[in-house]
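Colleague: Below is a structure I'd like to ask you about.
Numbering (my numbering), first residue to last: -6 to 213.
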């Protein structure tokens, strides 16, 4: 049997998840006009529910990652490392969508074959972090976003990722949350920080180091 969700997507109710096929039949359904939305199991909840806030922020993060991936693919500094990084970002987009799928489902409705975050995803992130961090010089101070467009985009991703992590922790005080989801976001925010340093080094750009009281001292 097939039903429509609020986005007008046809979703199979057999939850096989083996070969998901979505047919967008229309953009608006009017089912959310009164401030509620549907979870995967069909439950209606307010649009400001912690669960909605959480997977909405994951969706926001995915959009920023997509923008960054596009910027990386169009950059003039193309190299094997840049192409590798583009592939990493695209992989993360898929993983974030998997994470959103779990968050949009009540724990009692999660299907064994439903896309989710796996321990292997976290281990791969850790390997990606180590790969890039080994070439970065030791930190002498806190760093500020800057030096290159990709650096600042990565810091935006980092801060949005941290917000998503905080929202998942808040949700966990009211309902069960898969601990792998929290671990993944925690590791991903670390990855964005390391990559922000790595991308500047790759592009031969200087890091912007925090200078305490710089504004005050410069005005004296």
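Virtual Cβ for every residue (Gly too), placed ideally from N, Cα, C.
Check whether the region 40 to 49 and the region 163 to 171 are in contact - that is, three or more C-beta pairs closer than 8 Å.
Modeller: yes
Colleague: Per the DSSP calculation, residue 201 is bridged to which residue(s)?
Modeller: Translated into the one-based positions of the chain shown, residue 201 becomes position 208. Answer is 137.
Colleague: With DSSP run on the structure shown, which of helix, strand or coil describes residue 93?
Modeller: Counted from its first residue, the chain shown places residue 93 at position 100. Helix, per DSSP.
Colleague: Output needed for residue 147: all residues of its chain with C-beta closer than 6 Å, excluding positions within five of it in sequence on either side, in chain order.
Modeller: Locating residue 147 in the chain shown gives position 154, counting from the first residue. The residues are 185, 188, 189.
Colleague: Taking 8 Å as the limit between beta carbons, can you name the residues of its chain near residue 40, skipping five residues before and five after?
Modeller: Taking the chain shown and counting its residues from 1, one reaches residue 40 at position 47. Excluding positions up to five away in sequence, the list reads 25, 28, 29, 30.
Colleague: Which partner residues does residue 38 have in the DSSP bridge list?
Modeller: Translated into the one-based positions of the chain shown, residue 38 becomes position 45. According to DSSP, residue 38 bridges with 30.
Colleague: Comparing C-alpha positions only, which one of 86, 93, 132 sits nearest to residue 118?
Modeller: The count along the chain shown starts at 1 and reaches residue 118 at position 125. Comparing Cα positions, the closest option is 86.
Colleague: Does residue 207 come out as helix, strand or coil in the three-state DSSP assignment?
Modeller: Along the chain shown, read from residue 1 onward, the residue named residue 207 stands at position 214. Here residue 207 sits in helix by DSSP.
Colleague: When the Cα atoms are used, what is the spatial distance from residue 67 to residue 192?
Modeller: One-based indexing of the chain shown puts residue 67 at position 74. One-based indexing of the chain shown puts residue 192 at position 199. Our two residues, residue 67 and residue 192, have alpha carbons roughly 14 Å apart in a direct line.
Colleague: What's the C-alpha gap between residue 200 and residue 137?
Modeller: To locate residue 200, count along the chain shown from 1; it is residue 207. To locate residue 137, count along the chain shown from 1; it is residue 144. Cα to Cα, residue 200 sits roughly 8 Å from residue 137.
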